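Numbering (our numbering), first residue to last: -4 to 258.
In this text, a Cβ means the ideal position worked out from N, Cα and C, and glycines have one as well.
Predicted, not measured: the structure shown is a model, and the values here were computed from it.
To keep things clear, I will list the structure first and then write my remarks on it.
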């Protein structure tokens, strides 16, 4: 039954951005999101199975122990074998859930063999992106409704997208300059709080070229809903070309981070 629901033809919902009447997760575009989706599907099966089992028990009890069939109610106070079963059964379920959960947490933890570093800084109410390996830094603001071009999406488009090379392990350092923010892109499996005074590390490897949208996911003040995120993944040749063109436009004084160049 779960498989049937997952195959409902709402194909427009499976994309790199939210859609009206969306009934499922966005299509995974990174290894992290693929594993998150796998865990989600496993939990869905477990939860659905438990719900059906409990429903069956309720229906059984209602009909089996109704007053007409039991004029003299049972005075049983305990049943040791049954109590052992309903104690061990939840423990087994939690163990089945815990093992893949911890495995995913360690997989998400830190970048291994990252080829480049990007720093994300949250502000009220915009983002700053730095490429410390390449001395590049720029701000990213939401495009206002009056400035949107045909085909662009309200509340999701930005003036400067974060450009990354596809099929490349990118280390992302997230922090904030003022209050709590959260840098989140659902299709990439990213949701990292940006905390003032702290540097949080995550990583991403975007497998498919394209533009992926997200939003600040931590209430951060009056314009919290106007802090969209747009990440564009391109091939390495296009990325290096963009980087060379951008250096003169967005030069920064950021110190180089210990990482290799994209090749």
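query, result
"Going by beta-carbon coordinates alone, are residue 186 and residue 99 separated by less than 7 Å?", "no"
"Using a Cβ-Cβ cutoff of less than 6 Å, which residues in the same chain neighbour residue 117 once the five nearest sequence positions on both sides are dropped?", "171, 176, 189"
"Note down, one range per segment and in chain order, each beta strand (DSSP E) of at least 3 residues found wholly within the stretch 93 to 161.", "111 to 118, 121 to 126, 131 to 135, 157 to 160"
"With respect to the beta strand (DSSP E) encompassing residue 279, which residues constitute its N-terminal and C-terminal limits?", "Outside the displayed span of the chain (-4 to 258) sits residue 279, for which this structure offers no information."
"Using only alpha-carbon positions, find the residue among 163, 194, 50 that is nearest to residue 202.", "163"
"Could you check which residue in 236, 127, 19 has the C-alpha nearest to that of residue 36?", "19"
"Determine contact between the stretch 222 to 233 and the stretch 197 to 211, defined as no fewer than three beta-carbon pairs at a distance below 8 Å.", "yes"
"Terminal residues of the continuous alpha helix (DSSP H) containing residue 225?", "Element bounds for residue 225: not the alpha helix (DSSP H) but the beta strand (DSSP E), 223 to 229."
"Return yes when the Cβ of residue 21 is within less than 7 Å of the Cβ of residue 182, no when it is not.", "yes"
"Grab the span of the alpha helix (DSSP H) containing residue 190 for me, first residue to last.", "Per DSSP, residue 190 belongs to no alpha helix (DSSP H) and is neither H nor E."
"Could you check the C-alpha separation between residue 42 and residue 97 for me, to the nearest Å?", "19 Å"
"Could you check how far apart the C-beta atoms of residue 142 and residue 121 are, in whole angstroms? I think they sit under 8 Å.", "With 8 Å as the limit, residue 142 and residue 121 do not qualify as a contact, their Cβ atoms being about 15 Å apart."
"Please return the same chain residues whose Cβ sits closer than 6 Å to the Cβ of residue 27, not counting the five positions on each side in sequence.", "103, 184"
"Determine the burial state of residue 73: buried for a count of at least 16 other Cβ atoms within 10 Å of its Cβ, exposed for fewer.", "exposed"
"At which residues does the alpha helix (DSSP H) containing residue 35 begin and terminate?", "26 to 59"
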